[in-house]
Amino acid sequence: MKKPHTLLALLLPALLAWNALSSTTASAGEKPEDNYRTYCAQCHGVQGNGKGINSRDMSVQPRDHTDTKEMSARSDQDLFKAIEDGGLSINKSVLMPPWDDVLSDEEITGLVMYLRTLCRCKHGE
Amino acid sequence: MMVINTQYRQGMRRLLIGVLAMTATPQIHAASAEEILKNDCAGCHNLIGPAPTTLQALWNRKGPDLFYAGNKYQARWLEKWLQTPTRIRPAGMFYANHVKPGAKGDEIDTASLADHPALAMNDAKAITAALMKLTTRSELIRPGEYKPGTVSLATGEMLFDKFRGCLSCHEIEPGYGGMSGPEVYTAAARLQPDYLISYMRNPQAWDPKVFMPNKHLSDVDLQKLVHYLRAIDEENGK
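Protein chains in written order, with numbering that gives the first Met the number 0: chain A, 0 to 124; chain B, 0 to 237.
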């Protein structure tokens, strides 16, 4: 009769931890592709090719996120910083604004990973 | 005596009807404006708040939130616009719903954009009066914060484009500038100056999921930007 209790006692912390982990995941915010569609695509394009509807009259053209060569020259840290604090923070264009008031750190990390799927590249490749 | 009494009663009845008609007219108008808002406007406009807190809600928004219309709009502009509405956001409320990839880059699918219905003058007046009463976000406004001043068009454009990058998303004249945000060459006529300052200072305080970033503008910049918006509005009206 003691066995089920022991099993429950063993499983309970694991269950609680799993539950906490799932709620952390849920509070990580919106999906990266949805954030990209909302905030990035206006300049970087719905296909990520840098040709968004705002790009026509911009003095500095938005980065083409599908450009493997250009994107592999940027570290994940630089991409994170550019999204969080804007282009100027990594000595790039002021036209890339800071998104720190809109996106959480987790969401920015998600976007950096999403950019790596768009360029099909890693830093330094 | 009977004749006098009858004439007196008839006279009093007419007077009473007249007085009732005079007092009842504004009430009928006020009620009908609220009815129009509820029946005809609420399908596309949020009249009670809050602003979208998820991307899905942001994407589904069909027209501007109006629950703080009285904090936001210039009544004179609103009354005129409701009678002769024009498109203020070239790519609609949420651009990605109206954009498709084209040969030279993304293009606006104009066929997917809906026009705003035009109202008769009396309805426009009544609706404007009802909307101006919706001031649920007054805590975000500092009345009289904007101090009228001037900036040259060249200096203003330098600030708006090169230094702060606002031109990326907003048109400063028809056909020039970004298209995901609303045109700004009519912004000064359309919006209250203290609202402009408050919104540019912190767009997310008004609309948490909106795709306009907080550029962390200084108070000096905020004042100059409103000077500039007033200047291009004047230029546009010429």
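C-beta: ideal position from N, C-alpha, C; glycine also.
Own chain residues within Cβ distance below 8 Å of residue i, not counting five before or after
| i | result |
| --- | --- |
| residue 80 of chain B | 189 |
| residue 82 of chain B | 117, 118, 119, 120 and 123 |
| residue 77 of chain A | 89 |
| residue 130 of chain B | 36, 65, 68, 69, 72 and 77 |
| residue 203 of chain B | 209 and 213 |
| residue 181 of chain B | 87, 88 and 169 |
| residue 205 of chain B | 50, 67, 136, 139, 197 and 198 |
| residue 45 of chain B | 60, 64, 65 and 66 |
| residue 41 of chain A | 51, 52 and 53 |
| residue 24 of chain A | A caution first: residue 24 of chain A carries a pLDDT of 42, below 50, which makes its placement in the model too unreliable to give a value. |
| residue 216 of chain B | 163, 199, 200 and 224 |
Chain B contact residues for residue i, given Cβ-Cβ distances below 7 Å
| i | result |
| --- | --- |
| residue 29 of chain A | 54 |
Cβ neighbour criterion (16 or more within 10 Å) applied to residue i
| i | result |
| --- | --- |
| residue 115 of chain B | exposed |
| residue 85 of chain B | exposed |
| residue 98 of chain B | buried |
| residue 214 of chain B | buried |
| residue 100 of chain B | exposed |
| residue 38 of chain B | exposed |
| residue 54 of chain A | buried |
| residue 47 of chain B | exposed |
| residue 55 of chain B | exposed |
| residue 173 of chain B | exposed |
| residue 105 of chain B | buried |
| residue 102 of chain B | exposed |
| residue 175 of chain B | exposed |
| residue 26 of chain B | Per-residue confidence for residue 26 of chain B stands at a pLDDT of 47, beneath the threshold of 50, marking its modelled position as unreliable; the derived number appears in the next sentence. When all chains shown are included, residue 26 of chain B counts as exposed. |
| residue 91 of chain B | buried |
| residue 219 of chain B | exposed |
Proximal residues of chain B, C-beta to C-beta of residue i below 8 Å
| i | result |
| --- | --- |
| residue 107 of chain A | The premise fails here: residue 107 of chain A is roughly 13 Å from chain B at the closest Cβ pair, so nothing lies under 8 Å. |
| residue 62 of chain A | Within chain B, no residue comes near residue 62 of chain A; the closest Cβ sits about 13 Å away, beyond 8 Å. |
| residue 44 of chain A | 100, 104 and 105 |
Other residues of its chain near residue i: CB distance less than 6 Å, five sequence neighbours each side excluded
| i | result |
| --- | --- |
| residue 186 of chain B | 228 |
| residue 44 of chain A | 50 and 51 |
| residue 239 of chain B | Residue coverage of chain B in this structure runs from 0 to 237, which leaves residue 239 of chain B outside it and unanswerable. |
| residue 165 of chain B | 159 |
| residue 93 of chain B | 58 |
| residue 46 of chain A | none |
| residue 79 of chain A | 107 and 111 |
| residue 21 of chain A | Because residue 21 of chain A sits at a pLDDT of 43, beneath the cut-off of 50, its placement in the model cannot be relied upon, and the point is left open. |
| residue 18 of chain B | Low per-residue confidence applies at residue 18 of chain B: pLDDT is 47, beneath 50, and the placement is therefore not dependable, though the value from the model is reported in the following sentence. Result list for residue 18 of chain B: empty, nothing under 6 Å. |
| residue 92 of chain A | 59 and 86 |
| residue 177 of chain B | 167, 168 and 169 |
| residue 146 of chain A | A query on residue 146 of chain A cannot be resolved here, the shown segment of chain A reaching from 0 to 124 and no further. |
| residue 36 of chain A | none |
Chain-ordered chain A contacts of residue i [CB-CB under 8 Å]
| i | result |
| --- | --- |
| residue 90 of chain B | 52 |
| residue 162 of chain B | 93 |
Neighbour list for residue i in chain A, Cβ cutoff strictly below 7 Å
| i | result |
| --- | --- |
| residue 168 of chain B | 41 and 53 |
| residue 94 of chain B | 41 and 52 |
| residue 210 of chain B | 37, 38 and 41 |
Neighbourhood of residue i by C-beta, 7 Å cutoff - its chain only, sequence neighbours within 5 removed
| i | result |
| --- | --- |
| residue 33 of chain B | 129 |
| residue 51 of chain B | 57, 60 and 208 |
| residue 148 of chain B | 222 and 226 |
| residue 74 of chain B | 127 and 131 |
| residue 30 of chain A | none |
| residue 96 of chain A | 85 |
| residue 83 of chain A | 97, 98, 99 and 107 |
Contacts of residue i in chain A (Cβ-Cβ under 9 Å)
| i | result |
| --- | --- |
| residue 213 of chain B | 96, 97, 98, 99, 100 and 101 |
Heavy atom of the ligand MG within 7 Å of residue i beta-carbon
| i | result |
| --- | --- |
| residue 74 of chain B | Absence of the ligand MG is noted for the structure shown, with no ligands found whatsoever. |
(request) Could you list the residues in the region 174–207 of chain B with a C-beta less than 7 Å from some C-beta on chain A, going in chain order? (result) 175, 176, 177, 178, 179 and 203
(message) Give me the subset of the region 66–93 of chain A whose CB atoms are less than 9 Å from a CB atom of chain B, sorted by chain position.
(response) 85, 86, 92 and 93
(message) Does the contact criterion of 3 or more C-beta pairs under 8 Å hold for the region 66–78 of chain B versus the region 126–144 of chain B?
(response) yes
(request) Report the residues of the region 109–120 of chain A with a CB closer than 9 Å to any CB of chain B, ordered along the chain. (result) none
(message) Does the region 115–123 of chain A come into contact with the region 69–77 of chain A, if we say contact requires no fewer than three beta-carbon pairs (one atom in each stretch) closer than 8 Å?
(response) yes
(message) Quick check: the region 220–228 of chain B against the region 153–165 of chain B, are at least 3 beta-carbon pairs closer than 8 Å?
(response) yes
(request) Report yes or no: do the region 189–198 of chain B and the region 55–68 of chain A share at least 3 C-beta pairs separated by less than 8 Å? (result) no
(request) Give, in chain order, every residue of the region 134–157 of chain B whose Cβ lies closer than 8 Å to some Cβ of chain A. (result) none
(request) Residues of the region 94–105 of chain A with a CB closer than 9 Å to any CB of chain B: list them in chain order, please. (result) 94, 95, 96, 97, 98, 99, 100 and 101
(request) Please list the residues of the region 55–67 of chain B that have a C-beta atom closer than 9 Å to any C-beta atom in chain A, keeping them in chain order. (result) 55, 57 and 58
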